[in-house]
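> Have a look at this one.
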Amino acid sequence: MNNSEKDMTQQLEALPREKTPSRDLWPGIEYAISQRQAAEKTSWRRQTGIAASFLVALLVGYMGYQGLGSQGILQNNQAIAEQMSVQFMQQRDALLISLDGQNATTQNWQQQLDELDAAAKAIKTALKEDPNNQALLAMLKNVYEQQLKLIERVHAPSWQQI
Amino acid sequence: MNKPLTLIPSDTALENGEDNIVYAAKNGDRNAFKVLYDAHINRVYALCYRLCADKSQAEDAAQEVFIQVWRKLDNYDGKSKFSTWLHSVTANVTISYLRKQRGWWHKMFSLESAELRHEIASEPDMDAFEKHIYQLPERARWVFVLHAIEGYRHEQIGEMLGIAVGTSKAQFHRARHLIEEWMSNE
């Protein structure tokens, strides 16, 4: 190492490692980072809000879909049951009118009819509690058909019963 | 609200507990970040000053350094000393700051950098050797400060400045010869 190199090395080692700014730099830094934190919070809140809104919308939509779906089934089954009841009563009344004056072959047909009617009511009650139960709907339909067949059979001419 | 941290009086105590302070600052504790600022500002400012060769720009750059450090604290993995990482960030942010400033400065006023350096050279409390550093051409000064004072290797400087290793070495020798020449003429 020559003299100039030694001299430069000494000068470099003598340089102060620290310097003090002429003004306090912290307030500007603090302001900038607090602004950023506020912006991040706002952004986070906005994003969270959007995400929450989206989630709520999704949930409501899903619940609505589920609700509408199940209610749709409920309403559909109940409507079918009611429709079946109305049709059955119309058919029954029309049938009884058409058979008016004919003697029944059995004496207890009305009792059998009442029992089937009670069974239909029980099925309809069960259907209200379990609206998705398609088997109950099929049973109701079968009970109504049995009632109509019973009325027809007991009023049919004797030769047809042989 | 963040709990205020007790200020640590000595550098040794700070170094021992610095990991915890950095961790707190990483988690958004501004009081912890203030402790880091107080501990390192003078060292950071000295590097900014030598790279900028301008007091006002150095102060702006030092502020920018700490703002960037706050944003990038998550990038500090703790493998090196915090001060080592901080000085690397300081060098990069200051160089970036100067490049932006230079572009704006040249567009607006077309001033020669020599005119800016004249103000530095006229500061009374600065020794002759340090004045020579500020009189160096910008690129040569950056390389000289980073290599001779901060101890970065030419490979690292090449990456920081986006120049070839050979260019960094050449700029360093140029700076050194200029300073030697100026010193011999005193």
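Residue numbers (the numbering used here), protein chains in the order written: chain A, 1 to 162; chain B, 1 to 186. For every residue, glycine included, the Cβ atom is placed at its ideal position computed from N, Cα and C.
1. Terminal residues of the continuous alpha helix (DSSP H) containing Asn42(B)?
2. What are the residues of the region 12-30 of chain A that lie near chain B, defined by any Cβ-Cβ distance shorter than 9 Å?
3. In chain order, what residues of the same chain lie with their CB nearer than 7 Å to the CB of Trp159(A), ignoring the 5 residues before and after it?
4. Does Ala175(A) have its Cβ less than 9 Å from a Cβ in chain B?
5. For Leu116(A), collect the residues of the same chain with a Cβ closer than 6 Å to its Cβ; drop the 5 residues on either side in sequence, then sort them by chain order.
6. Where does Ile163(B) fall in DSSP's three states?
7. How many whole angstroms separate the CB atoms of Ser83(B) and His147(B), which I take to be in contact at a CB cut-off of 8 Å?
8. Would you say Asn27(B) touches the ligand FAD, meaning its beta carbon is less than 8 Å from a heavy atom?
9. Among Tyr76(B), Val143(B), Val89(B) and Ile67(B), whose alpha-carbon lies nearest the alpha-carbon of Leu51(B)?
10. Can you confirm whether the region 78-97 of chain A touches the region 123-134 of chain A when touching is taken to mean that 3 or more C-beta pairs between the two stretches lie within less than 8 Å?
11. Can you confirm whether Pro33(B), when its beta carbon is compared against all beta carbons of chain A, has any partner nearer than 9 Å?
12. If I follow the unbroken alpha helix (DSSP H) through Thr105(A), where does it start and stop?
13. Could you compute how far the alpha carbon of Ser88(B) sits from the alpha carbon of Leu12(A)?
14. Tell me where the alpha helix (DSSP H) around Asp7(A) begins and ends.
15. Report yes or no: is there a C-beta of chain A within less than 9 Å of the C-beta of Ser168(B)?
16. Report yes or no: do three or more beta-carbon pairs, one from the region 158-175 of chain B and one from the region 126-141 of chain B, lie closer than 8 Å?
17. Candidates Asn75(B), Phe33(B), Ala58(B) and Leu178(B): which alpha carbon is nearest Ile95(B)'s?
18. For the alpha helix (DSSP H) containing Tyr134(B), list its first residue and its last residue.
19. Using the rule of at least 16 other Cβ atoms within 10 Å of the residue's Cβ for burial, across every protein chain shown, is Tyr31(A) buried or exposed?
20. In angstroms, rounded to a whole number, what distance separates the CA positions of Asn108(A) and Leu150(A)?
21. Check whether the Cβ of Met8(A) lies closer than 9 Å to any Cβ atom in chain B.
22. Where does Asn75(B) sit, in a helix, a strand or coil, going by DSSP?
The relevant details are as follows:
1. In the second sequence, the residue the question calls residue 42(B) occupies position 42. Counting along the chain, the alpha helix (DSSP H) containing Asn42(B) begins and ends at Arg30 to Cys52.
2. Leu12, Ala14, Leu15, Pro16, Arg17, Glu18, Lys19, Thr20, Pro21, Ser22, Arg23, Leu25, Trp26, Gly28, Ile29 and Glu30
3. The residue labelled residue 159(A) in the question sits at position 159 within the first sequence. Unreliable placement is indicated for Trp159(A), whose pLDDT of 45 sits below 50; no coordinate value is reported for it.
4. What the structure shows of chain A is the stretch from 1 to 162, and residue 175(A) is not part of that stretch, so it cannot be assessed.
5. Here residue 116(A) corresponds to residue number 116 of the first sequence, with the count starting at 1. Within the same chain, Leu116(A) has close Cβ partners Val143, Gln146 and Gln147.
6. By 1-based counting over the second sequence, the position of residue 163(B) is 163. Correct three-state label for Ile163(B): coil.
7. Reading the second sequence from its first residue, position 83 is the one you call residue 83(B). Reading the second sequence from its first residue, position 147 is the one you call residue 147(B). With a Cβ gap of about 18 Å, Ser83(B) and His147(B) do not count as contacting.
8. For the ligand FAD, the structure offers nothing, since it holds no ligand at all.
9. Taking the second sequence and counting its residues from 1, the one referred to as residue 51(B) is at position 51. Out of Tyr76(B), Val143(B), Val89(B) and Ile67(B), Val143(B) has the C-alpha closest to the C-alpha of Leu51(B).
10. yes
11. For the purposes of this step, residue 33(B) is taken as the residue at position 33 of the second sequence. A small correction: the amino acid at residue 33(B) is Phe; Pro does not occupy that position in the sequence shown. So yes, Phe33(B) belongs to the interface.
12. For the purposes of this step, residue 105(A) is taken as residue 105 along the first sequence, with counting starting at 1. Counting along the chain, Thr105(A) falls outside any alpha helix (DSSP H), and DSSP gives it neither H nor E.
13. Residue numbering aside, residue 88(B) sits at position 88 when the second sequence is read from its first letter. Residue numbering aside, residue 12(A) sits at position 12 when the first sequence is read from its first letter. Near 20 Å, if we compare the C-alpha coordinates of Leu12(A) and Ser88(B).
14. In the first sequence, counting from the first residue as 1, residue 7(A) sits at position 7. Taken as a continuous stretch (DSSP letters only), the alpha helix (DSSP H) holding Asp7(A) covers Asn3 to Ala14.
15. Here residue 168(B) corresponds to residue number 168 of the second sequence, with the count starting at 1. Not an interface residue.
16. yes
17. Stepping through the second sequence from its first residue, residue 95(B) is reached at position 95. For the residues Asn75(B), Phe33(B), Ala58(B) and Leu178(B), the minimum Cα distance to Ile95(B) belongs to Ala58(B).
18. The count along the second sequence starts at 1 and reaches residue 134(B) at position 134. Residues Ala128 to Gln135.
19. Taking the first sequence and counting its residues from 1, one reaches residue 31(A) at position 31. Label assigned to Tyr31(A): exposed.
20. Residue 108(A) sits at position 108 when you count from the first residue of the first sequence. Residue 150(A) sits at position 150 when you count from the first residue of the first sequence. Each residue's alpha carbon lies about 11 Å from the other.
21. Start at 1 with the first residue of the first sequence, and residue 8(A) comes out as number 8. Output row for Met8(A): interface = yes.
22. Numbered from 1 along the second sequence, position 75 holds the residue referred to as residue 75(B). Helix.
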